[in-house]
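Engineer: One structure, as structure tokens, below. Some questions next.
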Amino acid sequence: MWTSFALCLLVCAALLYIPGLFVFRGLGFNTTSSLVLAPVAFVAFVGLVPIAYDYLHIPCTAPSVLGIIIVGCIAPHLFSKILKLKPVEPAFAKWDAGMIVAYGLFGMALCLYMFIKPLDGADSFYCRADNATHLNMVRHFIESGQWSSLGASTGTLAYPAEGNGFYPSAWHGLAALVSLIAQADPIVAINATNAIVCGLVYPLAAFSLMNRLFPNSKLVAAVGIVTTCAVACFPWTFLIKGPLVSNLLSYALMPAVLSLFLYYLDVGIVRHWKGAAVAACLSIFSLALSQPNGLFAVLVFIAPLLAHRAMARFPKHRMAAFFATTLGFIALWFALLNAPSLASVVFFPNQGGLTLTVRESIEAVITFSLYAGQPAQTLLAVICLIGCAAAIRRKTAWLIFPAAYMLVAYGVSRCTDGYLRNVLCGFWYNDPWRLADAGAVFLAPLAALGLTTLVAVLARCFTQKILAAHNGPCARRITTASATKVTACIVLIVFACYNFFPSYPNPITHKRTQTSFGFMRDRIAKEYSTSRDQIYSHKEKLFVDKALEVIPDGALVVNSPEDGSLFAYGVNGINTLFRHRPTGTMIPDADILRQRLSHIASDAEVQEAVARTSAQYVLLLDQGVSFDEGRWLLQTTEESLRSCDGINLITDDTPGFELVLAEDDMRLYKISPEYTSVTS
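Numbering (our numbering), first residue to last: 21 to 700.
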């Protein structure tokens, strides 16, 4: 299984970086820049191609999707060669290549420690309702060939297909493609995809942004190797909250998108309008088809940037330029807030993180406690504060606003539920964790600036002390540059040890104090554990595997989703009727079955519903288990459990059902053939 996982890692990395590299080479970027930007192009294509195929009624397969993506990615490069277009960026630099390797190695090492190593196996998964949707959707993509974000679904027959609207599914398409090419179990491919996004895509994208923000400071870029991933909440909370894998991909791409924007802003959008237009389209589609709220986070970043540039552009009318730009963005913000198509997002009733008082919320923001129960990152907060002072000194104070906005919005979302929350947090479903993670992305440059400032101050003191103590030829050979290198290494090692270690001994309590990274790692290990009593346990998974051995391929199995069987399709591949919790408007036949299937022997309407749906089997994983005794989904209530009593109340003695498999409280029944062929 781990061999398959390693293959999936290689396949995912190759998909994200090789085709897209040719796109940006064709736009005139050098090899290193093209490499770190490449995922933006590939994700845009993996989201767009299925939409086009769905319109043309062409099924998505690995050859059909990858083939057209390769053609689309290589075409710009070929055109640039044929037309002999001049590059718009300096040639390949060894320093940049070294930084890419360093960022990638540090990111993957951290991912290995935080995510891969805690997994019980390469096919471990998080037993939460949102994840059932992701697992089911990826498997349905593989089996159906329908990958479009316009109507993406889990393939469940319980709900009308025409009810599916827009669902950003670029991440699901990527995971499906990895699974198909590597011929791997979908869950193994999913874990590998998440590992590459966390450990490679985000760090390299962050390097691209650092390089654009601080083009004249190699030290900031070097320090960024460590500070890019220093805020504990991102990307790890997205693996345990939801998991919000679509947002994970969107935010991981965000620094690369911002890097593109900064680049064309510097070289001239009008002068390079063709390349800027292509880059803009790729950026917008990559974020929109991953998770659109990434676009709103980008807006928070570029608003102060453009206000800053406007003030520099019109030095005699600085305040007028500032207010004009600011008012323009505020007007756009409120226009989008009131857009009918976004109302369900902006006013989403998210109460999950609304657990702090105003004072507690302020403390959480100041100390960087950016997830429920997470220990504070006070040292990092101080370093970021130093970074803010450095940004002001460098006359780039605008860099403070994006992170400050997200942190303030996070604080508001934790302590108040009103109009202010909708205005500041609405585009992110009023979800504090999405806001905190966006803040983590925007804090990375400030943390790099802060740590760089600390290195510079210590190096200066170090040099002065040595020169004062030793006035000989040896001392004179010591340069500020060499002192800076030594100091940087020492500071980075000390900071990394303090920030990333899981725990350290407390001299006061004589116990080990857990750090924020230790907290996150423990949560990941706990939620992905197969030995822990999960709603869809390892034992239940094995039972479903046994069921698959005795039922015909593709046979429709009626299930009670909240007993854990909502995971059974995505994890095992069994064709279940209900693939998520009973919410929304389901088809009449499914509604009849969940409420009255146990009456099949005496209810003609139930018999007709069984015949119309072609249901053949019934799967129960918690037969006879009461609400108080069972382990259920977080969202499960007694009422929601009773809504499926037509399935839950089936026993070995219920007329119309034949026992096929039994183990503890798990059952597989075959619906008596006399009731599966009844016609209305």
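Cβ atoms here follow ideal geometry from the backbone N, Cα and C, with glycine treated the same way.
It should be emphasised that the depicted structure is a prediction, and the values quoted were computed from it without experimental measurement.
Ignoring anything shorter than 4 residues or poking outside the stretch 242-314, list the alpha helix (DSSP H) runs there in chain order.
Structural biologist: 257-260, 265-287, 293-308
Engineer: Going by Cα to Cα distance, which pick from Arg291, Val443, Thr248, Val56 is closest to valine 366?
Structural biologist: Val443
Engineer: Mind checking who arginine 532 pairs with in its DSSP beta bridge?
Structural biologist: Pro525
Engineer: Based on DSSP bridge pairs, tell me the residues matched to asparagine 579.
Structural biologist: Leu639
Engineer: Which runs of the beta strand (DSSP E) spanning at least 3 residues fall entirely within the stretch 39-127, listed in chain order?
Structural biologist: none
Engineer: Rounded to whole angstroms, what's the CA-CA distance from serine 585 to histidine 160? Just pull it up for me.
Structural biologist: 16 Å
Engineer: Quick check on this structure: which residue in Gly604, Glu547, Gln394, Val578 has the alpha carbon closest to the alpha carbon of serine 523?
Structural biologist: Gln394
Engineer: Based on Cα-Cα distance, which residue from Ala588, Asp642, Leu224 lies nearest to alanine 682?
Structural biologist: For alanine 682, the closest of Ala588, Asp642, Leu224 by C-alpha to C-alpha distance is Asp642.
Engineer: Where do the N-terminal and C-terminal ends of the beta strand (DSSP E) with tyrosine 689 fall, by residue?
Structural biologist: 686-691
Engineer: Measuring alpha carbon to alpha carbon, tell me which of Gly262, Arg232, Ala149 ends up nearest aspartate 116.
Structural biologist: Ranked by Cα distance from aspartate 116, the options Gly262, Arg232, Ala149 are led by Arg232.
Engineer: Since phenylalanine 409 is in the alpha helix (DSSP H), which residue starts that stretch and which ends it?
Structural biologist: Just to set this straight, residue 409 is alanine in the shown sequence, not phenylalanine. Its alpha helix (DSSP H) spans residues 398-413.
Engineer: Does DSSP put threonine 696 in a helix, a strand or coil?
Structural biologist: helix
Engineer: Can you list the alpha helix (DSSP H) stretches of 4 or more residues lying completely in the stretch 158-191, in chain order?
Structural biologist: none
Engineer: Can you tell me whether DSSP reads alanine 621 as helix, strand or coil?
Structural biologist: Looking at alanine 621 - three-state DSSP - the assignment turns out to be coil, as it is neither helix nor strand.
Engineer: Who are the Cβ neighbours of methionine 230 in its own chain at under 7 Å, not counting the five residues just before and after it?
Structural biologist: Val240, Ala241, Gly244, Pro465, Ala468
Engineer: Pairs of beta-carbons, one from the stretch 632-650 and one from the stretch 139-153, closer than 8 Å: are there three or more?
Structural biologist: no
Engineer: Applying the 10 Å Cβ sphere with the 16-neighbour rule, what's the burial state of lysine 114?
Structural biologist: exposed
Engineer: Expressed to the nearest angstrom, what Euclidean distance is found between the alpha-carbon atoms of glycine 650 and isoleucine 94?
Structural biologist: Looking at the backbone, the Cα of glycine 650 and that of isoleucine 94 are separated by about 55 Å.
Engineer: Nearer than 7 Å: is that true of the beta carbon of leucine 681 relative to any heavy atom of the ligand ADP?
Structural biologist: Looking for the ligand ADP in the displayed structure turns up nothing, as the structure carries no ligands at all.
Engineer: Among all the DSSP beta bridges, which residues are the ones paired with glutamate 683?
Structural biologist: Met686
Engineer: Per the DSSP calculation, threonine 596 is bridged to which residue(s)?
Structural biologist: As computed with DSSP, threonine 596 is found in a beta bridge with Val577.
Engineer: What three-state label does DSSP hand glutamate 658 in the structure shown?
Structural biologist: helix
Engineer: Between which residues of its own chain and serine 700 is the CB-CB distance below 8 Å, once the five residues before and five after are set aside?
Structural biologist: Since pLDDT at serine 700 reaches only 45, below the 50 mark, its modelled position is unreliable, and no value is offered.
Engineer: For glutamate 678, which residues does DSSP report across the bridge?
Structural biologist: Lys690
Engineer: If we count the other Cβ atoms within 10 Å of its Cβ and call it buried at 16 or more, is valine 364 buried or exposed?
Structural biologist: Note that residue 364 is serine in the sequence shown here, rather than valine. By the 10 Å Cβ count, serine 364 comes out exposed.
Engineer: Please state whether DSSP places methionine 606 in a helix, a strand or coil.
Structural biologist: coil
Engineer: DSSP on glutamate 380, reduced to helix/strand/coil?
Structural biologist: The three-state secondary structure of glutamate 380, taken from DSSP, is helix.
Engineer: Excluding the 5 residues preceding and the 5 following glutamine 534 in the sequence, name in chain order all residues of the same chain whose CB lies nearer than 8 Å to its CB.
Structural biologist: Excluding sequence neighbours, glutamine 534 sits near Pro395, Pro522, Ser523, Asp542.
Engineer: Excluding five sequence neighbours on each side, which residues of the same chain lie with their C-beta closer than 6 Å to the C-beta of alanine 202?
Structural biologist: Leu27, Cys28, Val31
Engineer: Classify phenylalanine 709 as buried or exposed, calling it buried when 16 or more other Cβ atoms lie within 10 Å of its own Cβ.
Structural biologist: Outside the displayed range of the chain (21 to 700) lies residue 709, so it cannot be described from this structure.
Engineer: What does the Cβ neighbour count give for tyrosine 425, buried or exposed, with the cut at 16 atoms within 10 Å?
Structural biologist: buried
Engineer: So, is arginine 45 buried or exposed, given that buried needs 16 or more other C-beta atoms within 10 angstroms?
Structural biologist: buried
Engineer: So, with DSSP's three-state summary, where would you put valine 645?
Structural biologist: coil
Engineer: Let me know if alanine 172 comes out buried or exposed under the rule of 16 or more other beta-carbons within 10 Å of its beta-carbon.
Structural biologist: buried
Engineer: Span of the alpha helix (DSSP H) holding phenylalanine 354?
Structural biologist: Run containing phenylalanine 354: 338-357, per the alpha helix (DSSP H) assignment.
Engineer: When the Cα atoms are used, what is the spatial distance from valine 121 to proline 188?
Structural biologist: 31 Å
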